[in-house]
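Novice: So that we are looking at the same thing, I have put the structure below in structure tokens.
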Amino acid sequence: MGGREELQAMVTGFRLAAALSVAAELGISDRLVGGPLSADELAAALEVDAETLNRLLRALSSVGIYAEADGGYANTALGEWLRTGVPGSLRPLARLTQDSAIWAAWGNLMHSVRTGENAFRALHGMDVWEHRVAHPEYNEVFNDNMAALSSVVAGAVADAYDFSGLSTVVDVGGGLGVLLAAVLARNPELSGIVFDQEHVVGRTAPAGSLASVAERWSFATGNFFEAVPAGDAYLLKSILHDWPDEECVTILRACRESLAPGGVVLVVEGLLGLPGSEAEAAFSDLNMLVLPGGRERTESEYGLLFEAAGLKLTRVIHTASRMSILEGTAGEEEAVG
Ligand SMILES: C[S@@+](CC[C@H](N)C(=O)[O-])C[C@H]1O[C@@H](n2cnc3c(N)ncnc32)[C@H](O)[C@@H]1O
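Be aware that the sequence shown starts at 1060, since it is given in my numbering, and climbs by one per residue.
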């Protein structure tokens, strides 16, 4: 019977996740950019306990995040991904679990499995969005993480869709607007609106955007369960997977109501059932169950949501990234399921 060691590493995976989160929070990889440093030097700069920091670094070096060098520690290729601001940085993702409410919600997975309920809300008495309003420091890390994750796929998504003939693209729940910036950069005829909650919305184009993107950029704040700004192309990236079916239909209906004739609703999600990303989609599905209370879906499940909101699923475009684009146009309204 093989595989015992492999399974043991999986079972104790939470230890590694916790160690990575502390390293990311402390910004160790940023400190090592100039070359190796000893645990004492790092501890002095970070104002933490030197002997304990050495134990953390030894553990992370044992799995290849750092390397012991010149009596100190250096970044490896893996450790470089925990640097601030490198494109696709995993530092914000690793920092998320410094929010003990997130860590505790995953510890409450059993509750979800027993009841089907959202673990976060059951434990904390509020949803993740209310929690982030109450904790701006964690809200900022979450938004940075979404921007970093989106920066890895935005180009592929923007490349995969032909926006010609469209004029105003609204990035619904667009966060800091990383996807919108990529779409505007490739389509000089488009103007764009990033729409999100007051305490989240990207008021200006992300740093590094073209000047022409900044000129065609505007923002709006509000609640996507009530209304969204008028446009002829709605982008909803990583929005519907946060919500149960009924809420998804409400969001899609709000888009349909403001959609200009001939316009499109573009849902951008990682699909369940696509070869090559099974584990990522399945564990993202559990993450949606535990944290926001949503779920990942198959192409046909998204089709049912579109129908229930009076939209027709006209095309599914698989991009060069793990995200697919589900294109909806105005259709007839029908019941879910
Ligand atoms: C998972 S994030 C996706 C962000 C961005 N689309 C991306 O993929 O990087 C979900 C977004 O929905 C926004 N959101 C949540 N509830 C909302 C509401 N009721 N109205 C508008 N935006 C909302 C959040 O603030 C957050 O930016």
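Just so you know, even glycine gets a beta-carbon here, dropped at the ideal spot from N, CA and C. Here the structure is a predicted model, which means the values were calculated and not measured.
Take the Cβ of Gly-1072 as the centre, count every other Cβ of all protein chains shown within 10 Å, and call the residue buried at 16 or more, exposed below.
Specialist: exposed
Novice: Since Val-1242 and Val-1287 are thought to touch, with beta carbons under 8 Å apart, how far apart are those beta carbons, to the nearest angstrom?
Specialist: Not a contact, Cβ separation roughly 16 Å.
Novice: Evaluate Arg-1356 with the Cβ neighbour count: other Cβ atoms within 10 Å of its Cβ, from every protein chain shown; 16 or more gives buried, anything less gives exposed.
Specialist: buried
Novice: Hey, quick one: how far does the beta strand (DSSP E) through Ser-1120 stretch, first residue to last?
Specialist: Careful: Ser-1120 lies outside any beta strand (DSSP E), inside the alpha helix (DSSP H) at 1109 to 1121.
Novice: For Ala-1178 versus Leu-1168, is the C-beta distance shorter than 9 Å?
Specialist: yes
Novice: Going by beta carbon distance, what residues of the same chain come within less than 7 Å of Asp-1344, once the five residues before and after it are set aside?
Specialist: Leu-1331, Arg-1354, Glu-1355
Novice: Can you check DSSP and say which residues form a bridge with Ser-1383?
Specialist: According to DSSP, Ser-1383 bridges with Glu-1328, His-1377.
Novice: Go ahead and pull the three-state DSSP assignment for Gly-1261.
Specialist: Three-state result, Gly-1261: coil.
Novice: Using 10 angstroms around the beta-carbon of Met-1069, count the other beta-carbons present and answer buried if the total reaches 16, otherwise exposed.
Specialist: Taking every protein chain shown into account, the CB of Met-1069 has fewer than 16 other CB atoms within 10 angstroms, so this residue is exposed.
Novice: Pairs of beta-carbons, one from the region 1265 to 1279 and one from the region 1319 to 1329, closer than 8 Å: are there three or more?
Specialist: no
Novice: Once DSSP output is grouped into helix, strand and coil, what is the label at Gly-1396?
Specialist: Annotation note: pLDDT 48 at Gly-1396 (below 50); position unreliable, coordinate value reported separately. Gly-1396 falls in the coil class under three-state DSSP.
Novice: Give me the Cα-Cα distance between Gly-1396 and Glu-1305, rounded to the nearest whole angstrom.
Specialist: Residue placement at Gly-1396 cannot be trusted, given a pLDDT of 48 that sits under 50; what the coordinates show is reported in the next sentence. In a straight line, the C-alpha of Gly-1396 is about 11 Å away from that of Glu-1305.
Novice: What residue range is occupied by the uninterrupted beta strand (DSSP E) comprising Val-1172?
Specialist: Val-1172 -> not in any beta strand (DSSP E); alpha helix (DSSP H) instead, spanning 1168 to 1174.
Novice: Closer than 8 Å to a non-hydrogen atom of ligand 1 - does that hold for the CB of Met-1205?
Specialist: The nearest non-hydrogen atom of ligand 1 is less than 8 Å from the C-beta of Met-1205.
Novice: Is it the case that the CB of Trp-1188 approaches a heavy atom of ligand 1 more closely than 8 Å?
Specialist: yes
Novice: Please list the segments of the beta strand (DSSP E) lying wholly inside the region 1282 to 1356, counting only runs of 3 or more residues, in order along the chain.
Specialist: Fully enclosed beta strand (DSSP E) runs of 3 or longer: 1290 to 1296, 1318 to 1328.
Novice: From Gly-1335, Asp-1291, Asp-1301, Cys-1307, pick the residue whose C-alpha is nearest to that of Gly-1321; which is it?
Specialist: Asp-1291
Novice: Could you spell out where the beta strand (DSSP E) holding Glu-1127 opens and where it closes?
Specialist: 1125 to 1128
Novice: How big is the Cα-Cα spacing for Gly-1369 and Arg-1312?
Specialist: 7 Å
Novice: What do you get for Pro-1146, buried or exposed, if any count of 16 or more other CB atoms within 10 angstroms of its CB means buried?
Specialist: Classification of Pro-1146: exposed, given that the 10 Å Cβ count is below 16.
Novice: Report yes or no: do three or more beta-carbon pairs, one from the region 1245 to 1255 and one from the region 1215 to 1229, lie closer than 8 Å?
Specialist: yes
Novice: Which same chain residues end up closer than 6 Å to Arg-1114 when comparing Cβ atoms and leaving out the 5 residues on each side of it in sequence?
Specialist: Nothing listed; no residue qualifies.
Novice: Distance check for Leu-1364 and Ile-1384, CA to CA, integer angstroms please.
Specialist: Those two C-alpha atoms are separated by around 15 Å.
Novice: Would you kindly work out how many angstroms separate the C-alpha atoms of Leu-1066 and Glu-1274, rounded to a whole number?
Specialist: If you take the alpha carbons of Leu-1066 and Glu-1274, they lie about 53 Å apart.
Novice: Arg-1063: buried (16+ other C-beta within 10 angstroms of its C-beta) or exposed?
Specialist: exposed
Novice: Between Val-1122, Glu-1106, Ser-1209, which lies nearest to Thr-1135 when the distance is taken from Cα to Cα?
Specialist: Val-1122
Novice: Can you give the beta carbon distance from Ser-1097 to Gly-1138, rounded, assuming they're within the 8 Å contact cut?
Specialist: Contact between Ser-1097 and Gly-1138 does not hold, since the beta-carbon distance rounds to 16 Å and is not under 8 Å.
Novice: Which term fits Glu-1196, buried or exposed, when burial requires 16 or more other beta carbons within 10 angstroms of its beta carbon?
Specialist: exposed
Novice: Quick one: does the C-beta of Ile-1376 sit closer than 8 Å to a heavy atom of ligand 1?
Specialist: no
Novice: Cβ of Ala-1126 within 9 Å of Cβ of Leu-1112?
Specialist: no
Novice: Considering only residues of the same chain and omitting the five flanking positions on each side of Ala-1319, which have a CB-CB separation below 6 Å?
Specialist: Asp-1291
Novice: What's the C-alpha gap between Ala-1367 and Ala-1289?
Specialist: 21 Å
Novice: Check each candidate in Asp-1301, Val-1324, Ala-1338 and name the one with the smallest Cα separation from Leu-1348.
Specialist: Asp-1301
Novice: If distances are taken between C-alpha atoms only, which option among Ala-1077, Leu-1152, Gly-1093 comes closest to Leu-1116?
Specialist: Ala-1077
Novice: When DSSP labels each residue in this structure, what does Val-1092 get in the three-state scheme?
Specialist: Correct three-state label for Val-1092: coil.
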